[in-house]
Amino acid sequence: MSELRFNDVTVRFGGSRRGLTAVDQVSLTVPDNSIVGLVGESGSGKSTLARAAVRLVPLTGGCIELDGKPVPRRGPESRRVQMIFQDPSSALNPRMTIGESIAEGLPRGTSPAARRAEVARFLELVHLNPARASYSPAQLSGGQRQRVALARVLATRPDVIIADEITSALDVSIQGTVINELKSLQRELGISVLFISHNLPLVRYVTQRMAVMYFGRVVEQGQTADVLADPQHPYTRELLSQVPDSGGNPPHDLPERPVPIPTRSTR
Amino acid sequence: MTISPPTESIPVDRARDTSSRASRWLVVLRTPTGLTAGILLFGLLVLSVAAPALWTDQANQVNTDAILQPPSDGHLVGTDNLGRDLFFRVLVATGLSVQLALLATAVAVVAGLILGAAPFLVGPRFGRVLTSAVNIGIAFPGLLLALFFAVIFGIGATGAVLAIGAAGAPAFARLILTLVAGVTERDYVSAARIAGVGRVRILIRHILPNIGEPLVVNATIGAGGALLGFASLSFLGLGVQSPDYDWGQLLGTGLNSIYTNPAAAIAPGVAVIIAGLAFNMFGESIAMGIGAPTIGTAGRRLLARGRVRPETAAPVDQGRIDAVLEVVDLSVTFPGPRGAIQPVRNVSLSIGRAESVGVVGESGSGKSLTALAIARLIEEPGQVDATRLRFQGTDLLSGTETEHRQLLGTSLAVVFQDPMTSFNPTLRMGRQLAEVAEQHQRMSRSQALARAIDRLRAVRIPEPERRAKQYPHEFSGGMRQRAMIGLGLMGSPSLIVADEPTTALDPTVQQQVLELLAEIRRVDEVAILLISHDVSVVSQLCDRVLVMYAGQIVEDLPVSELARGARHPYTRALIAAVPTMHTDLETPLSTIPGRPVDPSDIPPGCPYAARCPLASELCRTQAPPLETDAAGRRVACWRADEVVVR
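Protein chains in written order, with the working numbering: chain A, 1 to 267; chain B, 1 to 646.
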């Protein structure tokens, strides 16, 4: 039972006059036991929104609620929302074994024996050999590191996971292993996931609902199948037309940009 | 004589395993400077322990018969005003000098750590106050601070240790602030924070271990500075007091008799210089060793080998007379710590006029290096070998570098993944483009600028006159990439080598860049060599695809065959792994088990065998040749066309 809700969330960087509104009154719900996709171009505010959900970025306005209550800043309750990052080379501390990294997420006061058992269990959960707990991140491939990052997040027993472009730094040959893992674990454990990506076929494959962000605002959201079958916003349509085998019009017949794209330097 | 601020910062935590880290430190000792400094430092430390134990008696032996003597056989550097042997005194003084310098450095590092790490612990607001305080502290010269603190802490060894430590603290604090800020941005620190790990724990477990390496280096260099500082204070009479003595104090007393016995002042002076140099040089060489990639000795032998190999293999694609580019048996070799590594092996390809060829493969497959080798952009210690490398009919393996540069400068354009790093941020865009024409086509400044504006227009940059006056940072990512293509079009290229030109771009912008490349190809009859990890990008722009695995071409096929007609199991697996808008939502995504081959450890037989569901004994023992079929397609597989039976 866990629903993450963004209510009119606004995030501004810098001062009131020269600052930049990265996220502009976004309302979005990640329902219990589901995966919601979030797409948009770089700079559209999707990563900022993700970081706001895990309190890495302070909110300027609005609130983020978990099951109807604001997510607290500290304490065990604050650990219920977790995040997986894009870059597998920066995701794990190079000076810690992967076992130590995973153990860090375990509740405090776990005995050393229980720790070892839990680490093994979580490694097994993401289909890595528990004997590898003593490996350093450098000995793992990018895909394996992302799976360790997933295990570390699962060790905190989260209710919601924010997955920010978790496969965009990976080769397509191993992208599947991470995605399959995420999808099956989500089903198994009933976690809610906010899946951020710019890869529409992947979002289509992974998510049930999706939202499209454009310059800090959510411009479209709904059931993934509906959004992809009948996009309403011009930006969504443009995104969709870039997918090579979307079956619709070939890319060469594209009209010029349907909407004027505002520049970032709106100061 | 100032206390050198430890300003060198070394890249933090490039992920490496422990063995390579250890070998990096060993590499330091293999360089001439590193070895010299290492021996010097080791000798100094041994002396600082051994000398006081061995020679204290000789050094303290008063001999009123031999007061203030010049150097002689009995006294190598003469004697002081009590007739004590100065040579032994200098040796014994090593102990106190080194000890105090190390103590002072320890004080500086600890104080620096506290000041530098505190902002992370106390939060941004109070942190800013601390940071400003550190910045003010660093503005004062080190020796001035040391003198100031020496007066406060009192005259004597303890006071001087504290004074020099305190004077060195701001510089270390500044360094640690920077290093901590760098590590704090890493995702694993964010992850730990989200997981509810406390700040102190994050500092101890995540941050400090990852700033250790540069800190040790700078502390070593700082110790050299502290040693000099100490000598200065003692020399001025603020440091070590009689009857104790260190080099500075010996220097001070020796100076009184500089006209009668110069050696009395020179000997401790030389000792200070040698010791200071030992610390500094050692620190510098570690910094260089762990900052730069390791270069083993095994690969050097390969470098000596000639570039041209005898043409033994039958040339591929002999019939292509109109080829813009012809490459036969291209290999790229790098020296590695455990012998030479060959990330590109025997690649043969040819590109015809206005043809567009894509190269796909996983990271580490050698696709980018192939492109760089063709553009002659592989730098030392990398080595490019080929039996044939012809561009527009010109042999790039013979002839001079200058001739090639002229040809490549006008006829070959290269587009990289990140256009930001390809432009000089301090030059206006128009200038940067114009420079090419001035250099290669000997145009005048105004002609070249006019051409640059024309080219910017050709790559569909709106208002090119205005844009030419702007700097690279004022361009968006897609526009920079188009300007990069425009830069290539300043000459009249017959080939554009594009290495992941759209990877850093958003999907919508990516499309525009691909369309632009397609149009240039059509209008100007330019051939394109497109390197990408993304099969769908390649299939949009190219006629032909080369699939690379473990540094070799494993398949060469027309794009139209990619979806259904691929013959190599790797190509098929690669295609299947890309989710499309029709992928079945219920079945798991297709993956390629195992991991790519490490170029330093290439197995015998087919390199893909370990991951291939069709692999047989033959595949594991014998490498399949790249065979050309009747239609001109090439494939390197013993079991091409076979299908996995499940």
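C-beta: ideal position from N, C-alpha, C; glycine also.
Neighbour flag for B/Glu362 against chain A, beta carbons, 8 Å:
Chain A places a beta carbon closer than 8 Å to that of B/Glu362, counting this residue as a contact.
Count the CB pairs spanning the region 450-458 of chain B and the region 410-419 of chain B that are closer than 8 Å, and state whether there are at least three.
Taking one beta carbon from each stretch, the region 450-458 of chain B and the region 410-419 of chain B have fewer than 3 pairs nearer than 8 Å; the two do not touch.
How would you list, in chain order, the residues of chain A whose beta-carbon sits under 9 Å from the beta-carbon of B/Pro337?
Chain A residues near B/Pro337: none, gap ~15 Å exceeds 9 Å.
Which stretch, first to last residue, makes up the alpha helix (DSSP H) that contains B/Gly430?
Segment 429-441, the alpha helix (DSSP H) holding B/Gly430.
Interface positions of the region 194-209 of chain B facing chain A (Cβ-Cβ less than 8 Å), listed along the chain
Against chain A - using a Cβ distance shorter than 8 Å - the residues of the region 194-209 of chain B are Ile194, Ala195, Gly196, Val197, Arg205, His206, Pro209.
B/Pro501 classed as buried or exposed, judged by whether at least 16 other C-beta atoms fall within 10 angstroms
Buried: at least 16 other Cβ atoms inside 10 Å.
Decide if B/Asn261 is buried, meaning its Cβ has at least 16 other Cβ atoms within 10 Å, or exposed.
Burial is judged here by how many other beta carbons sit within 10 angstroms of a residue's own beta carbon; B/Asn261 has at least 16 and is buried.
Can you pull the chain A residues whose beta carbon is under 8 Å from the beta carbon of B/Val578, in chain order?
Correct list: Val172, Pro201.
Output needed in chain order: residues of the region 117-144 of chain A with a Cβ under 7 Å from some Cβ in chain B.
Legend: CB atoms of the region 117-144 of chain A lying less than 7 Å from CB atoms of chain B belong to residues Ser136, Pro137, Ala138, Gln139, Ser141.
Pull up the DSSP beta-bridge partners for B/Gln383, would you.
Answer is B/Thr333, bridged to B/Gln383.
Compare the Cα-Cα distances from B/Val459 to each of B/Glu519, B/Asp506, B/Arg405, B/Gly409 and report the closest residue.
Of the listed residues, the one whose Cα sits closest to B/Val459 is B/Glu519.
Pull up the distance between the alpha-carbon of B/Gly382 and that of B/Thr333, whole angstroms please.
Their Cα atoms are separated by approximately 6 Å.
Can you find a C-beta in chain B that's less than 8 Å from the C-beta of A/Val218?
Against chain B, the CB of A/Val218 has no partner CB under 8 Å away; the residue lies outside that interface.
8 Å contact criterion, which A/Val26 and A/Ile98 should meet: CB distance rounded
At roughly 35 Å, the Cβ-Cβ gap does not stay under 8 Å, so A/Val26 and A/Ile98 are not in contact.
When you compare the CB of A/Gln175 with every CB in chain B, is at least one pair closer than 8 Å?
Taking 8 Å as the CB threshold, A/Gln175 lines the interface with chain B.
What residues from chain B crowd round A/Thr29, counting only those whose CB sits closer than 8 Å?
Within chain B, no residue has its beta carbon less than 8 Å from that of A/Thr29; the closest one is some 21 Å off.
Distance check for B/Leu574 and B/Met581, CA to CA, integer angstroms please.
Each residue's Cα considered, the two are about 16 Å apart.
Sort B/Gly74, B/Ala171, B/Gly159, B/Gly116 by Cα distance to B/Ala139 and report the nearest one.
Checking every option, the nearest Cα to that of B/Ala139 belongs to B/Ala171.
Could you say which of A/Asp159, A/Gly176, A/Ile161, A/Val160 lies nearest to A/Thr167 if we only look at CA atoms?
Measuring from the Cα of A/Thr167, the nearest candidate turns out to be A/Gly176.
Under a CB-based cut-off of 8 Å, is B/Pro32 close to chain A?
False, the Cβ-Cβ gap to chain A never drops below 8 Å.
Would a C-beta distance cut-off of 8 Å place B/Val554 and B/Ala636 closer than the cut-off?
In this structure, the beta-carbon distance from B/Val554 to B/Ala636 falls below 8 Å.
Cβ closer than 9 Å: which chain B residues qualify as neighbours of A/Met96?
The answer, in chain order, is Tyr188, Arg205, His206, Pro209.
Could you check whether the Cβ of B/Leu238 sits closer than 8 Å to any Cβ belonging to chain A?
Judged by the 8 Å Cβ criterion, B/Leu238 is not in contact with chain A.
Is the separation between the beta-carbon of B/Ile164 and that of B/Phe230 shorter than 8 Å?
In contact: B/Ile164 and B/Phe230 (Cβ atoms closer than 8 Å).
Would you call the region 54-66 of chain A and the region 199-216 of chain B in contact, with 3 or more CB pairs under 8 Å?
Pairwise C-beta distances place the region 54-66 of chain A out of contact with the region 199-216 of chain B, as fewer than three of them are shorter than 8 Å.
Chain B residues whose Cβ lies nearer than 9 Å to that of A/Thr156:
Those are Ile194, Ala195, Gly196, listed as they occur along chain B.
Round the Cβ separation of A/His233 and A/Val203 to the nearest angstrom and send it over; I've been treating them as touching at under 8 Å.
Contact check for A/His233 and A/Val203: beta-carbon distance about 15 Å, past the 8 Å limit, so the pair fails to qualify.
Three-way DSSP call (helix, strand, coil) for B/Thr503 in this model:
In the three-state reduction of the DSSP assignment, B/Thr503 falls in the coil class.
Looking at the strands, I want to know which residues DSSP matches up with B/Met548.
Secondary-structure assignment with DSSP links B/Met548 through a beta bridge to B/Ile553.
So for B/Cys637, helix, strand or coil by DSSP?
Correct three-state label for B/Cys637: coil.
Would B/Asp187 pass as a contact of A/Ser90 if the rule is Cβ separation under 8 Å?
The answer is yes: Cβ separation under 8 Å.
Could you tell me whether the Cβ atoms of A/Arg152 and B/Ala354 are closer together than 8 Å?
Not a contact, by the Cβ cut-off of 8 Å.
Would the beta-carbon of B/Pro593 fall within 8 Å of that of B/Arg564?
Between B/Pro593 and B/Arg564, the gap from beta carbon to beta carbon reaches 8 Å or more.
Less than 8 Å between CB atoms is the rule here; does A/Gly105 satisfy it with respect to chain B?
For A/Gly105, the answer is yes, since a Cβ of chain B falls inside 8 Å of its Cβ.
Below 8 Å CB to CB, which residues in the same chain sit around B/Val122 once its five sequence neighbours on both sides are set aside?
Excluding positions up to five away in sequence, the list reads Leu130.
Say whether chain B places a C-beta atom closer than 8 Å to the C-beta of A/Arg209.
No, its Cβ sits nowhere closer than 8 Å to a Cβ of chain B.
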